[in-house]
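Colleague: Sharing a structure, written as structure tokens. Questions coming.
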Amino acid sequence: MDLLEAELFNDLLANPQRLENFVPKDFNNWIIIDEVQRIPDLLNEVHRLIEKYKYKFILTGSSARKIKRKGPNLLAGRALTYSLHPLTVLELGKDFKLNHSLEFGQLPCVYTEPNPKSYLESYVKTYLEEEVRQEGLTRNLGAFTRFLEAASFSQGSILNISSIARDCAIERKVVENYFTILEDLLIAYRIPVFTKKAKRRLVTHPKFYFFDIGVYRTLRPIGPLDMPETVEGTAVETLLFQELNTINATLNLGYTVYYWRTSNNMEVDFVLYGDKGIRVFEVKRTGKVSN
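Per my numbering, numbering of the sequence shown is gapless, rising by one per residue and ending at 309.
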């Protein structure tokens, strides 16, 4: 069931209990509901049907924000939560092309669409802007659009929310809320600094990443004064972040992703820390690697 279908959406929005009417009697296969966040009250009905008929559901959605806001019923601990990520190098296999990934990212459609650039531009327009507007998450779409562009300059960098607020001519608390919206929509991450047993003075602000290189590069304007190696270096770093984040989540490795940086700019790009130990990664885009 796709809640983007207007007739189905309006029917279940008016009365979520009608969900039972869409399931054949004695049905014992998976029931899939897409875009479930559009009707948060549907979770109560899903819960009821699980209890009454032992139905099995797969619920998918692009945002948990509205569901969280409606209350604590996230199926009372009966649900397992998984996140879908961009494709990995391993999944792409022989189809993986480094230059293609660094330019367009690794969303599935950029490998199947004849024009990945146009697809990404459409994705940014219809999802990052229209989805936000339709969900009522911000009343000023113009300010949010300016924010998205400003945020793209922070890709792989330590966040300075006050600076972004000045650049966008909006209040700092609004910018903070916009970053929270990006995280709730599962399209961006803030990476905390690693502070375990710190013996040096460390920075305290998180680093920021859009979830996919292609989305980042579509949002990031390029002008004649931009140095290509700056954008390319950020793209390489983002690719490793995507890989680490996806593999950690998919294999349930239990690591938390951090970065490490001292006040005098000594830095490690990624620190994975968890029960399995600690792993550190430094990313360089160069033809010659030195210690």
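Quick reminder that beta carbons are idealized off the backbone N, C-alpha and C, glycines included.
#1: Measuring alpha carbon to alpha carbon, tell me which residue in F288, E23 and A32 is nearest G174.
#2: Any idea which residues DSSP pairs K74 with across the strands?
#3: What three-state label does DSSP hand Y100 in the structure shown?
#4: Take every Cβ of the region 157-169, pair it with every Cβ of the region 248-263, and state whether three or more of those distances are shorter than 8 Å.
#5: In whole angstroms, give me the CA-to-CA distance for E131 and F122.
#6: So L271 packs on G292, CB below 8 Å; how close in whole Å?
#7: Specify whether the region 62-70 and the region 31-46 touch according to this definition: at least 3 beta carbon pairs, one from each stretch, less than 8 Å apart.
#8: In the DSSP output, what is V107 paired with across the bridge?
#9: Can you give me the Cβ contacts of D20 inside the same chain, cut-off strictly under 6 Å, excluding the 5 residues immediately before and after it?
#10: How many Å lie between E255 and L120 at the Cα?
#11: Distance, Cα to Cα, L105 vs N28?
#12: Given this structure, state the Cα-to-Cα distance separating T274 from I199, to the nearest angstrom.
#13: Could you tell me which residues DSSP pairs with Y291 in its beta bridges?
#14: Mark R279 as exposed unless 16 or more other C-beta atoms lie within 10 angstroms of its C-beta, in which case mark it buried.
#15: Could you tell me the distance, in whole angstroms, from the CA atom of A10 to the CA atom of Q260?
#16: Thinking just about the alpha-carbon of each residue, which of Y145, A253 and S81 is nearest to the one in P58?
#17: Flag this pair as yes or no: are the beta carbons of Y234 and F228 separated by less than 7 Å?
Modeller: Straight from the coordinates:
#1: F288
#2: Beta-bridge pairing links K74 to W48.
#3: Y100 falls in the coil class under three-state DSSP.
#4: no
#5: Whole-angstrom Cα-Cα distance: 11 Å.
#6: 7 Å
#7: yes
#8: Its beta-bridge partners do not exist; DSSP assigns none.
#9: D52
#10: Here the C-alpha atom of E255 lies approximately 10 Å from the C-alpha atom of L120.
#11: 34 Å
#12: 21 Å
#13: T274 and I296
#14: Around the C-beta of R279, 16 or more other C-beta atoms lie within 10 Å, and the residue is accordingly described as buried.
#15: No answer is possible for residue 10: it lies beyond the span of the chain, which begins at 19 and ends at 309.
#16: S81
#17: Closer than 7 Å, so yes.
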